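What follows is a short report on a single structure.
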Amino acid sequence: MRLLVFLLLMLPGLSFAQDTTAVTANVLDTLTPLKADQFIGVDSYNNLYYLKGRALFKAGKDQSIQFSDLRLGEISTVDILNPLKITAFYAETQTAVILDNTLNEITRVTFSELENFRNVSHARTARDGQLWIFNTDLQRLELFDYRNNRILSDFLPQPDNALDLASDFNTCWVLTETTLYQYNAYGSLISKQAIADFDSIALYDEQLFGLQNGKLFAKAKTQNSLLPVKNIPEAGFQFYYKGGILYLYRSAFISYYNLNLPK
Numbered sequence: 188m189r190l191l192v193f194l195l196l197m198l199p200g201l202s203f204a205q206d207t208t209a210v211t212a213n214v215l216d217t218l219t220p221l222k223a224d225q226f227i228g229v230d231s232y233n234n235l236y237y238l239k240g241r242a243l244f245k246a247g248k249d250q251s252i253q254f255s256d257l258r259l260g261e262i263s264t265v266d267i268l269n270p271l272k273i274t275a276f277y278a279e280t281q282t283a284v285i286l287d288n289t290l291n292e293i294t295r296v297t298f299s300e301l302e303n304f305r306n307v308s309h310a311r312t313a314r315d316g317q318l319w320i321f322n323t324d325l326q327r328l329e330l331f332d333y334r335n336n337r338i339l340s341d342f343l344p345q346p347d348n349a350l351d352l353a354s355d356f357n358t359c360w361v362l363t364e365t366t367l368y369q370y371n372a373y374g375s376l377i378s379k380q381a382i383a384d385f386d387s388i389a390l391y392d393e394q395l396f397g398l399q400n401g402k403l404f405a406k407a408k409t410q411n412s413l414l415p416v417k418n419i420p421e422a423g424f425q426f427y428y429k430g431g432i433l434y435l436y437r438s439a440f441i442s443y444y445n446l447n448l449p450k
């Protein structure tokens with residue numbers, strides 16, 4: 188028996204549905220109506236961010252503001268990690284637009300027009316003046332200084348292109364069809380774990396989340412496994428997490444859940 192336990196503990200990588208432990212979400216008795224194509228998230232002042240048509244909206248109690256540039260195409264992703272410098276990325280035109288807290292444009296980067304041309308599939312907020320980007324020409328993550336147009340950290344190439352990125356100021360996770368990579372801002376590979384059948388990942392409040400066939404999984408900071416989140420709809424929702432609250436957008440309403448993740 189001791190040998191069996193030892194062998195199980197030595198197995199590498201993340202565990203998923205096989206893990207018997209789950210994270211339980213407790214629904215709160217409140218709903219917020221919202222008509223959106225995509226729910227992005229909520230900031231510290233309870234402003235809602237969402238996409239409708241080809242526009243990004245920020246809606247508060249007193250007003251709603253928006254940003255759009257139809258020439259850039261559809262907005263692929265919006266990163267509100269830093270609400271003072273929001274990153275809107277347009278994959279179709281290889282452009283990242285940095286917006287202030289009133290959704291006015293600060294600057295934009297069109298990667299196809301840079302002197303050192305690169306094709307970029309994803310762009311996320313990093314430290315001030317920097318972006319996490321995935322270079323599909325070299326199949327690698329890069330930390331890009333958009334103020335000075337230079338790469339700050341060199342990451343080793345990967346065998347596969349990225350399906351999704353999840354990041355904060357200091358860490359970036361890269362999801363591929365077979366592997367989940369974790370890097371720090373200095374170019375070091377922190378972890379590399381086998382993974383399959385996950386559609387997307389997100390990093391909120393240092394907590395990693397993943398969607399697999401419409402089901403939500405969550406990883407605590409100090410645990411190696413992604414745990415299924417129970418007591419929520421099984422599919423058809425968009426989500427955000429902040430301050431212990433899980434926000435689910437479904438059927439034109441935002442519902443709220445307490446989510447106590449294990450330490």
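The sequence shown begins at 188 in our numbering and counts up one residue at a time. Yeah, the Cβ is synthetic: ideal placement off N, Cα and C, and Gly gets one too. Predicted model only: the values in this text are computed from it and were never measured.
Item, Value
"I need the straight-line Cα distance from residue 446 to residue 403, nearest angstrom please.", "12 Å"
"Compare the C-beta of residue 392 against all C-beta atoms of chain C and say whether one is closer than 9 Å.", "No chain C is part of this structure, which consists of one protein chain only."
"Who are the Cβ neighbours of residue 441 in its own chain at under 6 Å, not counting the five residues just before and after it?", "219, 221 and 434"
"Could you name each continuous beta strand (DSSP E) segment of 3 residues or more that falls completely within the stretch 286 to 313, going from the start of the chain to the end?", "292 to 297 and 307 to 312"
"Between the beta-carbon of residue 291 and the beta-carbon of residue 270, is there less than 9 Å?", "no"
"Sort 345, 239, 261 and 283 by Cα distance to residue 297 and report the nearest one.", "283"
"On the DSSP bridge list, what partners appear for residue 215?", "Residue 215 pairs with nothing; no bridge assigned."
"Along the chain, where does the beta strand (DSSP E) that runs through residue 379 open and close?", "376 to 381"
"Tell me which residue opens and which closes the beta strand (DSSP E) that residue 437 is part of.", "432 to 437"
"Where DSSP assigns a beta bridge to residue 209, which residues make up the other side?", "DSSP output for residue 209 lists no bridge partner at all."
"Quick one: what does DSSP say residue 257 is sitting in, helix, strand or coil?", "helix"
"State buried or exposed for residue 247, treating a residue as buried only when at least 16 other CB atoms are found within 10 Å of its CB.", "exposed"
"For residue 408 and residue 393, what's the separation of their Cα atoms in angstroms?", "7 Å"
"Go ahead and label residue 261 buried or exposed: buried means 16 or more other beta carbons lie within 10 angstroms of its beta carbon, across all protein chains shown.", "exposed"
"Could you name the residues that DSSP lists as bridge partners for residue 440?", "220 and 437"
"Taking Cβ positions, are residue 396 and residue 353 nearer each other than 9 Å?", "yes"
"By DSSP, does residue 279 sit in helix, in strand, or in coil?", "coil"
"Rounded to whole angstroms, how far is the Cβ of residue 209 from the Cβ of residue 406, which I believe are closer than 8 Å?", "The pair is not a contact, with the Cβ atoms about 13 Å apart (cut-off 8 Å)."
"Using a Cβ-Cβ cut-off of 7 Å (strictly less than) and excluding sequence neighbours within five positions of residue 389, which residues of its own chain qualify?", "353 and 396"
"Taking the alpha carbon of residue 256 as the point to measure from, which residue in 310, 250, 241 and 267 has its own alpha carbon closest?", "241"
"Considering only residues of the stretch 308 to 359, which uninterrupted beta strand (DSSP E) runs meet the minimum length of 3 residues and lie entirely inside it, listed in chain order?", "317 to 322, 327 to 332, 337 to 341 and 351 to 354"
"Whose C-alpha, out of 421, 273, 368 and 216, is nearest the C-alpha of residue 310?", "273"
"Does the beta-carbon distance from residue 363 to residue 350 come in below 9 Å?", "yes"
"Apply the 10 Å Cβ neighbour rule to residue 313 and answer buried if 16 or more other Cβ atoms are within range, or exposed otherwise.", "buried"
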